[in-house]
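Encoded as structure tokens, the structure appears first; notes follow it.
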């Protein structure tokens with residue numbers, strides 16, 4: 630317990646972007662000077678794959694740094710309550726980013742963010758200076774609530790398309806949608822497809838294609854029920870029930 | 630800083646499986662009593678998507694609990710040094726699991742685990758009681774080093790197939806390979822395909838198909854270079870260089 634407390638304390642005390650934790654790998658800053666500064670906003674009850682899929686891919690961009698950012702530094706727990714990612718920067722300490730990624734989360738999570746003007750203000754502030762402002766899954770609802778999607782083409786989680794349009798966006802049923810410097814992606818796993826597209830915009834097709842091989846992204850799911858139309862109404866109902874039952 | 634220290638301390642002090650952190654979601658134990666106990670082994674310099682892809686999917690199995698486990702509780706940093714996942718149980722405190730998942734990591738990471746007999750012993754001990762023992766990417770090297778793949782069919786990261794065979798396994802170029810109760814998967818992103826297959830074994834096809842829709846896993850990468858044969862030698866070289874350059 631003592632040693633783990635010391636370790637965790639160091640992580641909190643470290644502060645700066647990707648600062649190293651003794652025994653847990655060298656500082657990210659070792660290779661984060663030259664390339665894009667990618668920031669991912671975490672909030673209570675986010676969905677684990679939304680930030681981690683893009684982070685896995687984009688952290689391999691030459692010289693890139695990927696930083697998990699939240700209202701406070703420290704662990705941020707997923708919508709199932711099972712897993713926590715460490716936020717290493719507080720929003721207030723981040724002045725600008727090259728790429729902002731807003732992941733999705735449970736409905737409860739997204740509605741909670743809607744009630745946090747400081748978070749929505751921070752997103753608007755970051756967006757003024759980003760090269761790319763992006764979202765995964767219901768993260769597009771948060772971009773929309775921040776007012777960034779008015780009159781824009783965008784996508785989101787399959788079951789959220791009507792809600793997205795109430796935020797002023799035009800829903801497009803695509804895996805990822807670019808409108809200006811905003812790129813939104815469909816549900817959860819779609820962040821990986823969006824990240825490869827973003828990688829091609831930032832570093833060129835050759836690098837993006839190599840990144841696809843680097844993560845051996847040659848998808849072969851055992852079924853073909855990943856879209857609502859392919860799944861049909863019965864599986865749609867079951868999918869939403871499994872999600873609801875798994876969320877805290 | 631103070632508030633974040635308190636928060637992180639609570640996370641470390643919490644100890645038990647998925648214990649809640651005030652302000653970061655309710656305890657996972659709220660819904661972890663009835664279903665499979667899934668444990669994911671973390672170690673310094675693991676690859677972020679290897680544990681998080683399967684965790685996203687399997688944490689939606691009815692009543693399932695997913696727990697990140699490491700030698701010590703606290704943050705465990707990825708191979709890029711950019712991101713840390715919180716280990717919430719220490720190996721020594723975990724007596725048995727229904728499902729063990731061993732993720733992959735950088736070569737440096739895997740070779741470091743090879744030098745930790747306590748970790749290899751723990752894997753063997755867990756394996757005696759699991760329903761399913763699984764790996765993602767180079768995690769199969771760790772299962773192999775623990776002696777679990779002798780005479781078994783298995784897969785791993787595309788560039789590691791020769792090494793895998795030195796550990797007594799017969800390499801099979803498939804997305805995931807089941808031999809008895811051991812399921813190994815190919816590189817990084819393949820853990821998601823493996824998790825859907827595992828979900829079908831544990832909860833039936835209908836549930837697994839619904840989970841595929843729950844994470845909207847309808848892959849449409851912008852390129853088709855996710856396997857070494859599709860990518861060709863030049864992209865293979867570039868992929869390995871991007872990996873090496875991104876790792877700390």
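Residue numbers (the numbering used here), protein chains in the order written: chain A, 630 to 877; chain B, 630 to 877.
For glycine and all other residues, C-beta sits at the position ideal for the given N, C-alpha and C.
Query raised in the report: Helix, strand or coil: which one does DSSP assign to residue 676 of chain A?
Result: In this structure, residue 676 of chain A counts as coil in the three-state DSSP scheme.
**Report entry** Integer-rounded CB distance, given that residue 715 of chain A should sit under 8 Å from residue 703 of chain A
**Finding:** 7 Å
Query raised in the report: Do you know offhand how far residue 781 of chain B's Cα is from residue 806 of chain B's?
Result: 10 Å
Requested in this report: Please name the residue in B:844, B:674, B:809 whose C-alpha comes closest to that of residue 950 of chain B.
Outcome: Nothing can be reported for residue 950 of chain B: it is not among the residues displayed for chain B, which extend from 630 to 877.
Query raised in the report: Going by Cα to Cα distance, which pick from B:765, B:834, B:745, B:688 is closest to residue 665 of chain B?
Result: B:688
Query raised in the report: So is residue 681 of chain A in contact with chain B if we call contact Cβ pairs under 8 Å?
Result: yes
Query raised in the report: In the DSSP assignment, what are the bridge partners of residue 704 of chain B?
Result: B:715
Query raised in the report: Which stretch, first to last residue, makes up the beta strand (DSSP E) that contains residue 861 of chain A?
Result: Careful: residue 861 of chain A lies outside any beta strand (DSSP E), inside the alpha helix (DSSP H) at 857-875.
Query raised in the report: If you check the beta carbons only, do residue 717 of chain A and residue 677 of chain B fall under 8 Å apart?
Result: no
Report task. Go ahead and label residue 835 of chain A buried or exposed: buried means 16 or more other beta carbons lie within 10 angstroms of its beta carbon, across all protein chains shown. Result -> Burial check for residue 835 of chain A: the Cβ neighbour count within 10 Å stays below 16, so the residue is exposed.
Query - Nearest candidate by alpha-carbon position, reference residue 832 of chain A, set A:675, A:691, A:813 - result: Comparing C-alpha distances from residue 832 of chain A to each of A:675, A:691, A:813 shows the shortest one belongs to A:691.
**Report entry** Contact set between residue 816 of chain A and chain B, taken where Cβ atoms lie within less than 7 Å
**Finding:** 844, 845
Query - residue 870 of chain B to residue 876 of chain B span [Cα, whole Å] - result: 10 Å
Query raised in the report: Mind pulling the chain A residues with CB within less than 9 Å of residue 697 of chain B?
Result: Those are 711, 712, 713, listed as they occur along chain A.
Query - Nearest-angstrom Cβ-Cβ length linking residue 707 of chain A and residue 739 of chain A, presumed shorter than 8 Å - result: With 8 Å as the limit, residue 707 of chain A and residue 739 of chain A do not qualify as a contact, their Cβ atoms being about 14 Å apart.
Query raised in the report: Is the CB of residue 778 of chain B under 8 Å away from at least one CB in chain A?
Result: No - not a single Cβ of chain A is within 8 Å of the one on residue 778 of chain B.
Report task. Rounded to whole angstroms, what's the CA-CA distance from residue 856 of chain A to residue 744 of chain B? Just pull it up for me. Result -> 44 Å
Query - Proximity winner among A:760, A:853, A:729, relative to residue 748 of chain A (alpha-carbon distances) - result: A:729
Query - Residue interval of the alpha helix (DSSP H) (run including residue 748 of chain B) - result: 746-758
Query - Classification of residue 804 of chain B by the beta-carbon crowding that lies within 10 angstroms, buried from 16 upward - result: buried
Requested in this report: Could you check what DSSP says for residue 768 of chain B in three-state terms: helix, strand or coil?
Outcome: Per DSSP, reduced to three states, the secondary structure at residue 768 of chain B is helical.
Query raised in the report: DSSP state of residue 824 of chain A, grouped into three classes?
Result: The answer is helix: DSSP assigns residue 824 of chain A an H, G or I state.
Query raised in the report: Thinking C-beta only, is residue 683 of chain A closer than 8 Å to residue 770 of chain A?
Result: no
Query raised in the report: Anyone know if the C-beta pair for residue 673 of chain A and residue 712 of chain A falls short of 8 Å?
Result: no
Query raised in the report: For residue 721 of chain B, does the count of other Cβ atoms within 10 angstroms reach 16, so buried, or fall short, so exposed?
Result: exposed
Requested in this report: Reducing DSSP to helix, strand and coil, say where residue 776 of chain B ends up.
Outcome: coil
Query - Member of A:847, A:778, A:737 whose CA lies at the smallest distance from the CA of residue 858 of chain B - result: A:847
Query raised in the report: Can the beta-carbon of residue 886 of chain A be found closer than 8 Å to that of residue 698 of chain A?
Result: Residue 886 of chain A is absent from the structure shown; chain A starts at 630 and stops at 877.
**Report entry** Rounded C-alpha distance that separates residue 758 of chain B from residue 776 of chain B
**Finding:** 16 Å
Query raised in the report: Does residue 736 of chain A have its Cβ less than 8 Å from a Cβ in chain B?
Result: Not a single C-beta of chain B is nearer than 8 Å to the C-beta of residue 736 of chain A.
Query raised in the report: Would you say residue 783 of chain B reaches chain A, if we count a Cβ-Cβ gap shorter than 8 Å as a contact?
Result: no
Query raised in the report: Any idea if residue 779 of chain A is buried or exposed, counting beta-carbon neighbours within 10 angstroms, 16 or more meaning buried?
Result: exposed
Requested in this report: Give, in chain order, every residue of the region 846-871 of chain B whose Cβ lies closer than 9 Å to some Cβ of chain A.
Outcome: 846, 847, 848, 849, 850, 851, 852, 853, 854, 855, 856, 857, 859, 860, 863, 864, 865, 866, 867, 868, 869, 870, 871
Query raised in the report: Is it the case that the Cβ atoms of residue 884 of chain B and residue 872 of chain A are separated by a distance below 8 Å?
Result: Shown here, chain B extends from 630 to 877; a query on residue 884 of chain B therefore has no answer.
Report task. Report, in whole angstroms, the separation of the C-beta atoms of residue 818 of chain B and residue 695 of chain A, which I expect to be a contact under 8 Å. Result -> At roughly 17 Å, the Cβ-Cβ gap does not stay under 8 Å, so residue 818 of chain B and residue 695 of chain A are not in contact.
Query raised in the report: Closest to residue 800 of chain A by CA distance: which of A:811, A:783, A:815, A:789 is it?
Result: A:783
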